[in-house]
Every structure is written in structure tokens, then in C-alpha cells.
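Visitor: One structure, as C-alpha cells, below. Some questions next.
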Amino acid sequence: MARGNQRDLARAKNLKKQQEASKSQKKDGSKQKRMESDADILRQKQAAADARKAAEELERKKKEKR
Numbered sequence: 011m012a013r014g015n016q017r018d019l020a021r022a023k024n025l026k027k028q029q030e031a032s033k034s035q036k037k038d039g040s041k042q043k044r045m046e047s048d049a050d051i052l053r054q055k056q057a058a059a060d061a062r063k064a065a066e067e068l069e070r071k072k073k074e075k076r
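Encoded structure:
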């Protein structure tokens with residue numbers, strides 16, 4: 011059991027190394043491709059927000075008619 015602490019430290023160090031590697035992989039690719047991807051995500055979020063607002067507006071109008 012003398013190596014228990016050393017093993018834990020090595021595992022923690024390796025985990026940190028793997029996390030750093032995964033971060034850099036996410037940022038790989040061309041800048042243009044990332045920008046297009048980000049823009050697509052924002053368009054999807056905006057469409058969902060617009061749909062939610064339209065539904066809320068419709069609900070509000072239904073309540074006003076009562």
C-alpha cells in the first residue's frame with residue numbers, strides 16, 4: 011500500500027491531461043467552420059425563443075377574449 015497515494019496522484023494528473031486534450035479537440039477545425047456552427051446553434055435558439063414567445067402571445071390573447 012505504499013504506492014496508494016502515488017497512484018491517486020498519477021490518476022488525477024492523467025485526468026487533467028485528458029481534459030486539456032479534449033478541450034483542444036473541441037477547438038480544432040477551421041475558424042469558418044466553427045463560426046458557421048455557432049451561428050447555426052444561435053439560429054436554432056432564436057427560432058425556439060420566437061416560437062415560445064408566439065405561444066405566450068397566443069395564450070395572452072385567449073385570456074383577454076374571456
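Residue numbers (my numbering): 11 to 76. For each residue, glycine too, the CB sits at the ideal point set by N, CA and C. A quick note: this is a predicted structure, and the numbers were derived from the prediction, not measured.
Do you know how far the Cα of E69 is from the Cα of E30?
Guide: Answer to the nearest angstrom: the Cα atoms are 47 Å apart.
Visitor: Three-state secondary structure (DSSP) at D13?
Guide: Sequence inspection shows Arg at residue 13; the Asp mentioned does not correspond to that position. Of the three classes helix, strand and coil, the one that applies to R13 here is coil, per DSSP.
Visitor: Please state the DSSP three-state secondary structure of S34.
Guide: In the structure shown, S34 sits in a helix (DSSP, three-state: H, G or I).
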